[in-house]
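Protein chains: 2
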Amino acid sequence: MGQDGRHRRARSTITDVAKAARVHPSTVSRALSAQPGHILRPETRARVVAAADRLGYRPSALARSLRLRRTLTLGMLVPDIANTFLAGIIKGAEEAAHERGYALVLCNTGDLPEREATYIRVLREREVDGVLVASTRMADATVDGMRADRFPFVLVNRGAGGTDDLVVTVDNIAAAAAVVDHLVSLGHTRIAHVAGPRSTTTGAERAAGVVAAARRHGVHAEIVEAETWSEAEGYRAASQLFRGEPPTAAFGANDLLALGVLRAAREAGLAVPADLALAGFNDTPEAVLADLTTIHVAQEEMGAHAARLLIARLEGEPIAERNVVLAAALVVRGSTAAGIVRRRIA
Amino acid sequence: MGQDGRHRRARSTITDVAKAARVHPSTVSRALSAQPGHILRPETRARVVAAADRLGYRPSALARSLRLRRTLTLGMLVPDIANTFLAGIIKGAEEAAHERGYALVLCNTGDLPEREATYIRVLREREVDGVLVASTRMADATVDGMRADRFPFVLVNRGAGGTDDLVVTVDNIAAAAAVVDHLVSLGHTRIAHVAGPRSTTTGAERAAGVVAAARRHGVHAEIVEAETWSEAEGYRAASQLFRGEPPTAAFGANDLLALGVLRAAREAGLAVPADLALAGFNDTPEAVLADLTTIHVAQEEMGAHAARLLIARLEGEPIAERNVVLAAALVVRGSTAAGIVRRRIA
DNA sequence: TTGTACGCGTTATCAA
DNA sequence: TTGATAACGCGTACAA
Chain A
1 MGQDGRHRRA RSTITDVAKA ARVHPSTVSR ALSAQPGHIL RPETRARVVA AADRLGYRPS
61 ALARSLRLRR TLTLGMLVPD IANTFLAGII KGAEEAAHER GYALVLCNTG DLPEREATYI
121 RVLREREVDG VLVASTRMAD ATVDGMRADR FPFVLVNRGA GGTDDLVVTV DNIAAAAAVV
181 DHLVSLGHTR IAHVAGPRST TTGAERAAGV VAAARRHGVH AEIVEAETWS EAEGYRAASQ
241 LFRGEPPTAA FGANDLLALG VLRAAREAGL AVPADLALAG FNDTPEAVLA DLTTIHVAQE
301 EMGAHAARLL IARLEGEPIA ERNVVLAAAL VVRGSTAAGI VRRRIA
Chain B
1 MGQDGRHRRA RSTITDVAKA ARVHPSTVSR ALSAQPGHIL RPETRARVVA AADRLGYRPS
61 ALARSLRLRR TLTLGMLVPD IANTFLAGII KGAEEAAHER GYALVLCNTG DLPEREATYI
121 RVLREREVDG VLVASTRMAD ATVDGMRADR FPFVLVNRGA GGTDDLVVTV DNIAAAAAVV
181 DHLVSLGHTR IAHVAGPRST TTGAERAAGV VAAARRHGVH AEIVEAETWS EAEGYRAASQ
241 LFRGEPPTAA FGANDLLALG VLRAAREAGL AVPADLALAG FNDTPEAVLA DLTTIHVAQE
301 EMGAHAARLL IARLEGEPIA ERNVVLAAAL VVRGSTAAGI VRRRIA
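Top to bottom, those sequences are chains A and B.
Counting in the numbering used here, the first sequence runs from 1 upward without gaps.
Counting in the numbering used here, the second sequence runs from 1 upward without gaps.
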C-alpha cells in the first residue's frame, strides 16, 4: 500500500469486499443497503459488514448514480454569494438538502444571463436532479428550456414566468405597501422609492406596492430606478433625488440600495432620520448595523422551503402549494424614528 | 416524445447519436472530444456533429467520470456561508474552479467537528477530486485521515497541522502586530485584545502577534478569549473588560468580534473613538459600515488561489509554493481617528 | 438465501 | 480511419 508515488491508493470496491467476505458482489450490495426485500442470513451479513469495515469500503456514489439514474445532487444558481441576503437563502437550502441526503452545487452567476445559461448546461451535464434558481435576471429562454424538457426546478425570490412553476417568494407588494403605510403614518407625504431593476420581478413588484399604497393614501411617490441591486447604484439613483427639493422619506428596494441612499443623503447634508426617514428591504446584517427600518424576510426558511419543495417534486411526494408566498414583517428601527418625525409633523 | 406523464423524456445517449450518424459509439466519442490523437474523416465528424446537434446530445458527466476516474468536482468546507468574509473566499474559489472546468460542492459545517467529518465522508463518497477546507475547527483526526489516504486537500485561512500540507493563509502575526503598532503610534499603552478561540490557529496566531508587538513596544496588552468568532461573543468578552478601568484601545480578532466590542462599549458609556480606539480584522463590508479600522485581506484572491493550488495538485502541475502566505494591509478608519487620540495623549 | 448476468453511458485499447 | 471489446463500480431481475 502506498507504493504509488503521485496517486493515492485506490479505494476498495464492492468486489474487494466480496472477495474478502467470500461472497458475490451482489450479496455485498444487498447486505449493505438495508432494503426491506433483502433477506439474508445474519451470519453472512455480519461477515460482509466486517469485511467492509476492515477495508474501509465506501460505495461509489458515482457508479450508484449511473445505475440508479439519479445523483442526489441539486444545483443552485445565485447572482452573488457575497450578498448577505442570498447567503441566508443558500444556507437554508444547503441545510435542508443535506438533511434529505442531497448535496448542493453552488453556481455564482454574477447576474449575467450568459453565465446562467452556461451553468445550467453544466449542471445538466452533471445530471443534477434539479436546480434552485435564485437568480433574478435569468433570460426567460433558459427557464423556458427547462420547462420544455420538464427538468425540475424551483424559483426562489423571483417571480414565475409560467403559471405552473414551483416558486417560493415573499409578498413583495404587501411588504412594500407596509413600508409606505409606516412612512405615511409618521406624517410623510413626499416619499421617494429607489426601485430595483425593472427587468426583475422583485424590483417591479416592490415598486408596484409603493405606487398602490401611495395612491391609496393620496400621497406623492417619486420613483427612480437602480440598474443593479447594489449600494453604488443606490447612491447614484439617490443623488438625482437630492438635486432639487428632497423628499422627507426614502425607501430603498433592498437594504443595499438604502445604504447607498444613506451615503448620498449624508453627502447632501441630510441627517437620517432628522431630515430624511429611510427604509430598506430584507433585514440583512447591514440593516441592523445601520439601524435601518426594513422588511424582515426569513431567508433561511425561504431557502429551506425551496429545497424541500424541489425534493418533494423529485421524490414524487404530494405538493400542497406550487406557489409559496412567505409573509414578511416590518421592522422599525432608528432610521424612521418617530420622535424625529413628530417634530417634522408639528 | 413526452408520452410519459411524470418523468421527463430521457436524454439521448452516445448510442442514440451513433445510430443516427450510422457510426459506432466510439466514433462519436472521438468526434466530439477534440483530442490531438483523434484523426477522423471530416465528413464523418460532420455527420456525427450534425446528429448530436439534432438530438440535443449532452455527454453524461457521470459516466465519463466513472470511466475517467475523476469528477472534475471540488468540495469546499466552510464554517458559515453567511459570514461575509468567508463569502468572499467562496466566491473566489468558485470562480477559479469553474474557470478550469471544475464545479464546487459547498458544505456548511457550522463549525461543528462532527458535521465536518460527515461532510468529508459524503464528499469522498461522491468522489470529488479534492477539497478546500476553510473550516477553522476541524478535528485533526479528519485532516490526518485525508493525509493518510493521500487525498488531495488545501487548507484555507487555517493553519497547517502537518508540515507538508498545501496551505493558503494570511500573515496573521504580522498583521496583528501592525494593528498594535498603529495603536501604540497613536499613544495607547493599555490595549485590550479580544482573541478568537485558542483552539483555532487563526485565533492563536493573531493573539501571538499582539503579545509580541506589545512586548516590543513595552506596553500592556490584556487578552480575553472569545469562544466563537461571533458578534455576541465579542460583546460578552468585552463586557468583562469594561468592568474595571477600561483600556484606551481594543482590537477584535475579527470584525465581528470588534462589532461586539463596539456594542459593549456603547453600553458602558464609552464613545468610539473618543473614549476607546477600536480595530478589527478582515475588512468585511460590516467594517466599512461601522467605520472600523481593520486589516484588509484579499478574500477572493485567497479563495481563487486555494482553488488553483488544489487544481494544480490534481493535474500534476508544478507547485511553486506549498505554503502561500498572503500579505494583508492595515486600513485606518474613523474608529481609531488620530484627532481624538491626540487629545488623549495631550 | 445466494449467485449469475446484464446494463447504466463513457472512453481507452486493440484489431481491422 | 473506423469498429469491436472491455472496463469503470454498482444494483437488480432472474435463476438456482
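The C-beta atom is built at its ideal place from N, Cα and C for all residues, glycine as well.
With a cut-off of 9 Å, does the C-beta of V105(B) fall near any C-beta of chain A? yes
List the whole-angstrom C-beta distance separating A279(B) from T293(B), where the pair is believed to meet the contact cut-off of C-beta under 8 Å. 4 Å
Does the segment 94 to 106 of chain A touch the segment 73 to 84 of chain A, meaning 3 or more C-beta pairs lie closer than 8 Å? yes
Please confirm if the segment 148 to 168 of chain A is in contact with the segment 129 to 137 of chain A, defined as three or more CB-CB distances below 8 Å between the two stretches. yes
E225(A): first and last residue of the uninterrupted beta strand (DSSP E) it sits in: 220 to 225
Output the boundary residues of the beta strand (DSSP E) element that contains T142(A). First-last for T142(A): 140 to 148, but that is the alpha helix (DSSP H), not the beta strand (DSSP E).
Look at the alpha carbon of A160(B) and the alpha carbon of V122(B), and state the distance between them as a whole number of angstroms. 23 Å
Output the distance between the C-alpha atoms of A328(B) and A178(B), rounded to the nearest integer angstrom. 10 Å
Between P152(A), Y57(A), R333(A), which has its C-alpha nearest I311(A)'s C-alpha? P152(A)
Residues within the segment 73 to 90 of chain B neighbouring chain A, beta-carbon criterion of under 7 Å: I81, A82, T84, A87, G88, I90
Span separating the alpha-carbon of R236(A) from that of A264(A): 8 Å
Sheet register partners of A277(B) (DSSP bridge): A249(B)
Around the C-beta of A10(A), are 16 or more other C-beta atoms found within 10 angstroms, so that it is buried, or is it exposed? exposed
Contact set for S12(B): own chain, Cβ-Cβ below 7 Å, skip 5 residues either direction: L55, G56, Y57
Using a Cβ-Cβ cut-off of 8 Å (strictly less than) and excluding sequence neighbours within five positions of A249(A), which residues of its own chain qualify? L183, L186, H188, R190, I191, A192, L276, A277, L278, A279, T336
Environment of I89(A) [buried if 16+ CB atoms lie within 10 Å]: buried
Inter-residue spacing [alpha-carbon to alpha-carbon] between L314(B) and D129(B): 7 Å
Burial state of P246(B) (16 or more Cβ within 10 Å): buried
Does the beta carbon of S33(A) come closer than 9 Å to any beta carbon on chain B? no
Hey, is S12(B)'s beta-carbon within less than 9 Å of any beta-carbon in chain A? no
Under 8 Å between beta-carbons, which chain A residues line up against N157(B)? List them in chain order, please. By Cβ distance, chain A contributes nothing, its closest Cβ being about 16 Å from N157(B), past 8 Å.
Which stretch, first to last residue, makes up the beta strand (DSSP E) that contains R190(A)? 190 to 195
DSSP bridge partner residues for G75(A) (one or two, in chain order): V105(A), V131(A)
Applying the 10 Å Cβ sphere with the 16-neighbour rule, what's the burial state of S65(A)? buried
In the DSSP output, which residue or residues are listed as bridge partners for L330(A)? I295(A)
In terms of residue numbering, what span does the beta strand (DSSP E) encompassing S153(B) cover? The sequence shown places Phe at residue 153(B), not Ser. Residues 153 to 156.
Among V28(B), G252(B), T84(B), whose alpha-carbon lies nearest the alpha-carbon of A50(B)? V28(B)
Compute the Euclidean distance between the alpha carbons of P197(A) and V210(A), then round it to the nearest angstrom. 15 Å
Quick check on DSSP: helix, strand or coil for L310(B)? helix
N- and C-terminal bounds of the alpha helix (DSSP H) containing V49(A): 42 to 55
Is there a Cβ from chain A that is less than 9 Å from the Cβ of T71(B)? yes
Looking at the C-beta of L276(A), does it have a partner C-beta in chain B at a distance below 9 Å? no
Checking 9 Å against the spacing of the C-beta atoms, do A176(B) and E222(B) come in under that value? no
What is the rounded straight-line gap between the Cα of I173(A) and the Cα of A208(A)? 6 Å
Give a yes or no on whether the minimum CB-CB distance between A117(A) and chain B is below 9 Å. no
Of the residues R124(A), T71(A), G92(A), D111(A), the one placed nearest G101(A), counting alpha carbons only: T71(A)
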